[in-house]
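Chemist: The structure under discussion is supplied below as structure tokens; questions concerning it will follow.
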Amino acid sequence: MAAGELRPRWGQPLTGIISFVFFFGVAWFLWFILSDPRGPVGWFPYPFVMYLAMMILVGIWQHMLLGDWPFQNIEQPKRGIIMTIVNLILVWLVIDIVFYRILGLGFNFLSFYGMEEIGKPGKLAQVAVVCFVLIGFYTYPVSTIFFGKWPAQPSNLKQPEAGLVEFAWGSLLTLICYSFLIVPFFGSIIKGAALNPAWWESIGGTSHVHWVFGWWEWAIVILFMTPNVWRMKPWSAITVPQPWKGLISVIISMIGAFLLMFLCKKLIPMWVPAETFHLLQESKGAAEVQRFYWIHSAEIAGFFLIPFLIWHHYFDDIAFGLDRDGWVAFILRTVGVMALAAGSYWIFYYSNFGHWALGNHHMTELSHRFAHGESLVWNFWWIIPLLWNEWFFHKWPFYVHEE
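Numbering-wise (numbering that gives the first Met the number 0), the sequence shown opens with residue 0 and increments by one.
Next comes the structure, spelled out in structure tokens:
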């Protein structure tokens, strides 16, 4: 083991089990204090889901793009604490200054205050910010994961220049994708000549942005499974140079995400009660049923996030004696993540974790539990403690450096 390499403090699987229990407890405690309707604050789901989403995106900027600059040489846990504080400050600046008060001057749906001035709910602006984050979850890290940091690398650029190049490139991609995947949704609900309505209505049967969620969430899962439990497979089999390797990977992953979304639509009626569809139909018509299919597809994708992140970050891609980088281990972890995702789905909906643990009051009846996409909200609360320990604290104190 190379000097300075991280190793689990208590070996595996004990370190993974302890980490899992600890961070699950942290997520659940914070949820109860701040978001659970039965808790002291009870802000569910907004505005906290917006802040949590932006915290992850800003964390991507800090860790994946800038490589923890300028705090990379500070010892732990000071580095993690400082980076967390900086993250919170940047999140406030991005939301309240950049979106609400700068970009919102031109696009009123990006300003909480602008929405309220024209008699629209300020929540629409919070939704718009969450949608920006959704797009950014793919468009910012894709340069690192699929393109190997091309075009910023290889070069003699150092931090922060290298990270800022990636940030600029990612911001361009994010704004382009946001303009044709998110803005038309607001064109459909804020009538006027300036914004076109949702072009995907004829494809998805609804003008709701949840059609985009259903597709994009699967693309995010494929993207992040690549460096985690897949250990860069199957894209490592593509041998052409960059940027062609990255472009091929993006195209295949987007097609795969699109197909998985429609596969989910076909499979969902197999386990979701028929009464759920009747309730949706009666409430808002056929378009509401289609909206449900797409957001529930995104939820199913979301249930993959926790298992593969746990397997990678807590249990070091454990392969039970197999070569961790081999194809057999790749298949084992893929099937294992699918099984754990299905188990997580059952726990959330059928054992009703969303009600007794998270306080979602409308989830008492089985047919009422599926319509609102609320497992995606819980994912943010769960993922942030995990990622912060990995990104900002470099797994302190659960891992130690081997000297």
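Beta carbons are placed, not taken as given, at the ideal position from N, Cα and C, and that holds for glycine.
What is the residue span of the beta strand (DSSP E) that E4 lies within?
Modeler: E4 -> beta strand (DSSP E) spans E4 to P7.
Chemist: Are the CB atoms of N378 and L308 within a distance shorter than 7 Å?
Modeler: Result no, Cβ atoms of L308 and N378 do not sit closer than 7 Å.
Chemist: Quick one: complete beta strand (DSSP E) runs, 3+ long, within the region 2 to 42?
Modeler: The region 2 to 42 contains these whole beta strand (DSSP E) runs: 4 to 7.
Chemist: For Y398, which beta-bridge partners are listed by DSSP?
Modeler: Partner(s): P7.
Chemist: Is S110 buried or exposed, if buried means 16 or more other CB atoms sit within 10 Å of its CB?
Modeler: Buried, because 16 or more other Cβ atoms sit within 10 Å of the Cβ of S110.
Chemist: Judging by CA-CA distance, which residue of F314, E116 and Q71 is the nearest neighbour of W390?
Modeler: W390 has its Cα closest to that of Q71, out of F314, E116 and Q71.
Chemist: Which runs of the beta strand (DSSP E), 3 residues or longer, sit entirely within the region 104 to 183?
Modeler: With a minimum length of 3 residues, no continuous beta strand (DSSP E) run stays inside the region 104 to 183.
Chemist: Short check: CB of F265 to CB of F329, under 7 Å?
Modeler: For the record, residue 265 in the displayed sequence is Lys; it is not Phe. No.
Chemist: Pair every Cβ in the region 274 to 291 with every Cβ in the region 202 to 213, then say whether three or more of these pairs are closer than 8 Å.
Modeler: At 8 Å Cβ cutoff, the stretches touch.
Chemist: Taking 7 Å as the cut-off, decide whether the C-beta atoms of V399 and R8 are in contact.
Modeler: Yes; because the gap between Cβ atoms is below 7 Å, this pair is in contact.
Chemist: Checking 7 Å against the spacing of the C-beta atoms, do I221 and S201 come in under that value?
Modeler: Against a cut-off of 7 Å, the Cβ pair of S201 and I221 comes out as no contact.
Chemist: Use the C-beta contact count for M0: other C-beta atoms within 10 angstroms, 16 or more gives buried, fewer gives exposed.
Modeler: Per-residue confidence for M0 stands at a pLDDT of 33, beneath the threshold of 50, marking its modelled position as unreliable; no derived number is given.
Chemist: Taking a contact to mean a Cβ-Cβ separation below 7 Å, would you say L365 touches P272 in this structure?
Modeler: Yes, these two residues count as a Cβ contact at 7 Å.
Chemist: Out of curiosity, what's the CA-to-CA distance linking L246 and P39?
Modeler: Taking the straight line joining both Cα atoms gives about 48 Å.
Chemist: Which residues mark the beginning and the end of the alpha helix (DSSP H) in which L262 is found?
Modeler: W243 to L266 is the extent of the alpha helix (DSSP H) around L262.
Chemist: Compare the Cα-Cα distances from H393 to each of I101, V239, E74 and A340 and report the closest residue.
Modeler: It is E74 whose Cα lies nearest to the Cα of H393.
Chemist: Note down, in chain order, each residue of its chain lying with its Cβ closer than 7 Å to the Cβ of C176, except the 5 sequence neighbours on either side.
Modeler: So the list reads I134 and T138, once near-sequence residues are dropped.
Chemist: What separation, rounded to the nearest whole angstrom, lies between the Cα atoms of F185 and P36?
Modeler: About 29 Å.
Chemist: Within its chain, find whatever has a CB closer than 7 Å to the CB of P226; leave out the 5 residues flanking it on each side and keep chain order.
Modeler: Taken in chain order, the residues that qualify are I144.
Chemist: Is the region 84 to 96 in contact with the region 48 to 64, if contact means three or more CB pairs nearer than 8 Å?
Modeler: Counting Cβ pairs under 8 Å, three or more are found: they touch.
Chemist: Spatial neighbours of L339 within its chain, please: CB distance less than 6 Å, with the 5 preceding and 5 following residues excluded, ordered by chain position.
Modeler: So the list reads P306, once near-sequence residues are dropped.
Chemist: For the structure I just gave you, are there three or more beta carbon pairs, one from the region 311 to 327 and one from the region 10 to 26, closer than 8 Å?
Modeler: With the cut-off at 8 Å, the region 311 to 327 and the region 10 to 26 touch.
Chemist: Rounded to a whole number of angstroms, what is the C-alpha to C-alpha distance between N388 and F212?
Modeler: Near 27 Å, if we compare the C-alpha coordinates of F212 and N388.
Chemist: Which residues in the same chain have their Cβ closer than 6 Å to the Cβ of S248, if we skip the five residues on either side of it in sequence?
Modeler: Same-chain partners within the cutoff: F145 and W234.
Chemist: For the candidate residues W214, A356 and A286, whose alpha-carbon lies nearest to that of A300?
Modeler: Among W214, A356 and A286, the Cα nearest to that of A300 is on W214.
Chemist: Please determine, among S142, G147 and L180, the residue with the shortest C-alpha to C-alpha distance to W168.
Modeler: Of S142, G147 and L180, the residue nearest in Cα terms is S142.
Chemist: Could you tell me if K283 is buried or exposed, where buried requires 16 or more neighbouring beta carbons within 10 angstroms of its beta carbon?
Modeler: That one is exposed.
Chemist: Run the CB neighbour count on P268, radius 10 Å, all protein chains shown included, and call it buried at 16 or more, exposed below.
Modeler: By the 10 Å Cβ count, P268 comes out exposed.
Chemist: Give the range of the alpha helix (DSSP H) segment to which E287 is assigned.
Modeler: Counting along the chain, the alpha helix (DSSP H) containing E287 begins and ends at A285 to L308.
Chemist: Are the beta-carbon atoms belonging to P153 and W68 less than 7 Å from one another?
Modeler: Not closer than 7 Å, so no.
Chemist: Give me the Cβ distance between L357 and F22, rounded to the nearest whole Å; I'm assuming they're in contact under 8 Å.
Modeler: L357 to F22, Cβ: 16 Å. No contact.
Chemist: Quick check on DSSP: helix, strand or coil for I237?
Modeler: Reduced to three states, the DSSP call for I237 is coil.
Chemist: Run the CB neighbour count on N359, radius 10 Å, all protein chains shown included, and call it buried at 16 or more, exposed below.
Modeler: Classification of N359: buried, given that the 10 Å Cβ count is 16 or more.
Chemist: Helix, strand or coil: how does DSSP classify T275 here?
Modeler: Three-state result, T275: helix.
Chemist: Could you give the DSSP three-state label for E405: helix, strand or coil?
Modeler: No answer is possible for residue 405: it lies beyond the span of the chain, which begins at 0 and ends at 402.
Chemist: Rounded to the nearest angstrom, what separates Y29 and F257 at their Cα positions?
Modeler: Looking at the sequence shown, residue 29 is not Tyr but Leu. Rounded to the nearest angstrom, the two C-alpha atoms are 34 Å apart.
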